[in-house]
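2 protein chains.
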Amino acid sequence: MTRIVEPEAGPRSKRAAILSAAVDCFGEAGFEATKWSTVAERVGIGQTALYHYFESKTHCLLTIMRLELERSHDRFVEATKDVEDPVEALRAAVRAAYDVSPHEVLQMRILQNHMDLLSGTRRSKREEAERVAARQLVQVVERDWTNLLVKGMSQGAFPLRDAQLLGGSVLGLIVSVWRWYRPSGPTPLSEISELIEGACVRMVAS
Amino acid sequence: MTRIVEPEAGPRSKRAAILSAAVDCFGEAGFEATKWSTVAERVGIGQTALYHYFESKTHCLLTIMRLELERSHDRFVEATKDVEDPVEALRAAVRAAYDVSPHEVLQMRILQNHMDLLSGTRRSKREEAERVAARQLVQVVERDWTNLLVKGMSQGAFPLRDAQLLGGSVLGLIVSVWRWYRPSGPTPLSEISELIEGACVRMVAS
DNA sequence: AACTGAATTGAACTTAACTCAGGTTGATCT
DNA sequence: AGATCAACCTGAGTTAAGTTCAATTCAGTT
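Sequences listed follow chains U and H, in order.
Counting in the UniProt record's numbering, the first sequence runs from 1 upward without gaps.
Counting in the UniProt record's numbering, the second sequence runs from 1 upward without gaps.
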């Protein structure tokens, strides 16, 4: 459990700008489809300067994924922290999951599209560190959801079922949206949020 | 709607062997992580021979995805064709979705992990043909599920809801399993199948 | 002004996908 | 059997994109 220390930003560091540009590129065109050099162009630096901040294109991707996972976890905790009623907590958690900016939508998309990266180990040190951190955060987020279900089951608000499996399924249902959702598409996020909220409650509580 | 004609197998064609080896490699190590030349080795031919059968590594991937989508659709139709009761049809469809061989698990995993490829257009003719065919099949499969729901709603077996959105969600829930399921893992597929079957019924019918 | 470390760069290197020009194999026909 | 033709295969070379490296600039400090 080695925590990753965010490199403190020197005053003229372009790290944040690179991450932001990378999210835009990777999220819209896809990771493989975007040239690493294009990200550099957008930020306004030469491609080699990227390596001052990230060990590789993949290292940047893994960093984006970890940050998004941290964000998801934080939001979950924030949204459910003082809601006692299990059903209401579940509803709040789902709503929080869809209460996101367009930029965050891209981050979720990137995360979902590259989950498979978290399986195999990486060659380089820093990449592997990010991978392991992200993998752990996936488990943390899964635990967030299963704990919510366990609590509800023990209180008698939810029927008893395999909380681990059901929690993972609820999470899978919620994030599956990010594979197809587009802010420009026909379905507003609010509508999706409501439908999924209802679906989750029925899945878990009936 | 131009259908793809499967190249008829000459007696010494290695196409099937290549597809099979590619499914193993792409499914276990991941598409990006496996070298195209490794697939050639497994089949027992030089790397350049691959290009006799596929225009590119990606063309092979897209073909695998299309074939898997065709299989999924066929299984759905087969499983539901003479079940009138909507709830039973839904149950049958879910069970069929998880009634798969280990090789098919890999194909599902590959499909899920590279759905994003179907968004952007491809440079070369044959790749683009496969992509378009796959994209269409995604819609066909989505329609399979929404139709099932529409039928159930009109018969009064399911409460009225946005069938398109709900159908997509059910499908999303079902396929989300392939991102983490491993035949060697602790949870048998039968158990997953049962839990998801129940969850889907509750989502849709209550 | 000299010093320091962060930030940046152009040129060279590496790897893996891909192309090409030609060679081999084997089924089929006369 | 021998000729033929298409399917099948290969070694050598090309290309594109990620990456490395040695050298340079820049901003703030002593």
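Where is the CB? At the ideal position from N, CA and C, for every residue including glycine.
In this text, all values refer to a predicted model and were calculated from it rather than measured experimentally.
Residue i versus residue j: straight-line alpha-carbon distance, rounded
i, j, result
"Arg122 of chain U", "Arg161 of chain H", "45 Å"
"Ser124 of chain H", "Thr38 of chain H", "23 Å"
"Thr58 of chain U", "Asp116 of chain U", "13 Å"
"Glu194 of chain U", "Val94 of chain U", "9 Å"
"Tyr98 of chain H", "Gly10 of chain U", "52 Å"
"Ile4 of chain H", "Ile45 of chain U", "45 Å"
"Met1 of chain U", "Leu111 of chain U", "21 Å"
"Arg202 of chain U", "Gly198 of chain H", "11 Å"
"Met153 of chain U", "Ser206 of chain U", "11 Å"
"Leu137 of chain H", "Met65 of chain H", "10 Å"
"Gln139 of chain H", "Pro86 of chain U", "36 Å"
"Ser20 of chain H", "Glu127 of chain H", "19 Å"
"His114 of chain U", "Tyr53 of chain H", "28 Å"
"Arg71 of chain H", "Ile174 of chain U", "26 Å"
"Val43 of chain U", "Ala16 of chain H", "46 Å"
"Glu142 of chain H", "Phe31 of chain U", "26 Å"
Which of helix, strand or coil DSSP assigns to residue i
i, result
"His114 of chain H", "coil"
"Phe158 of chain H", "coil"
"Phe26 of chain U", "helix"
"Arg3 of chain U", "coil"
"Phe76 of chain H", "helix"
"Glu104 of chain U", "helix"
"Lys81 of chain H", "coil"
"Trp180 of chain H", "coil"
"Asp144 of chain H", "helix"
"Arg122 of chain U", "coil"
"Gly44 of chain U", "coil"
"Thr58 of chain H", "helix"
"Lys14 of chain H", "coil"
"Lys151 of chain H", "helix"
Min CB distance residue i to chain U below 8 Å
i, result
"Leu173 of chain H", "yes"
"Thr146 of chain H", "no"
"Leu90 of chain H", "no"
"Ser184 of chain H", "no"
"Leu189 of chain H", "no"
Any C-beta of chain H under 8 Å from that of residue i
i, result
"Arg202 of chain U", "yes"
"Arg179 of chain U", "yes"
"Ile192 of chain U", "yes"
"Ala199 of chain U", "yes"
"Ser206 of chain U", "yes"
"Leu195 of chain U", "yes"
Closest residue to residue i among the options (Cα-Cα distance)
i, options, result
"Ala133 of chain U", "U:Leu90, U:Leu67, U:Ala17", "U:Leu67"
"Tyr181 of chain H", "H:Gly198, H:Leu149, H:Val105", "H:Val105"
"Ala157 of chain U", "U:Ala17, U:Arg131, U:Ser56, U:Val204", "U:Val204"
"Val170 of chain H", "U:Glu142, U:Tyr53, U:Arg126, U:Ser176", "U:Ser176"
"Leu165 of chain H", "U:Pro186, U:Glu6, U:Leu148", "U:Pro186"
"Ala92 of chain H", "H:Phe54, H:Arg75, H:Val5", "H:Arg75"
"Ala89 of chain H", "H:Tyr53, H:Arg109, H:Leu149, H:Thr63", "H:Leu149"
"Ala40 of chain U", "U:Ala29, U:Cys25, U:Glu32", "U:Cys25"
"Cys60 of chain H", "H:Val77, H:Ile196, H:Cys200, H:Thr34", "H:Thr34"
"Ala96 of chain U", "U:Thr80, U:Glu55, U:Ala22", "U:Thr80"
"Trp178 of chain H", "H:Gly167, H:Ile196, H:Ser13", "H:Ile196"
"Glu78 of chain H", "H:Asp144, H:Gly172, H:Leu173", "H:Asp144"
**Residues of the UniProt domain "HTH tetR-type" (12-72) of chain H whose Cβ lies closer than 8 Å to any Cβ of chain U, in chain order** = Under the 8 Å Cβ criterion, the UniProt domain "HTH tetR-type" (12-72) of chain H contributes Ala29, Gly30, Glu32, Ala33.
**Asked** Got a sec: which bits of the segment 111-137 of chain H sit with their beta carbon under 9 Å from any beta carbon on chain U, in order along the chain?
**Response** Listed by position along the chain: Gln112, Asn113, His114, Met115, Asp116, Leu117, Ser119, Gly120.
**Prompt:** Any residues in the segment 152-169 of chain U with a beta carbon nearer than 8 Å to a beta carbon of chain H? Which ones, in chain order?
**Reply:** Near chain H, meaning a CB-to-CB distance below 8 Å, the residues of the segment 152-169 of chain U are Arg161, Asp162, Leu165, Leu166, Gly168, Ser169.
**Request:** With 7 Å as the limit, tell me which residues of the segment 100-111 of chain H have their beta carbon closer than that to any beta carbon of chain U; keep them in chain order.
**Result:** Taking 7 Å as the cut-off between beta carbons, none of the residues of the segment 100-111 of chain H comes near chain U.
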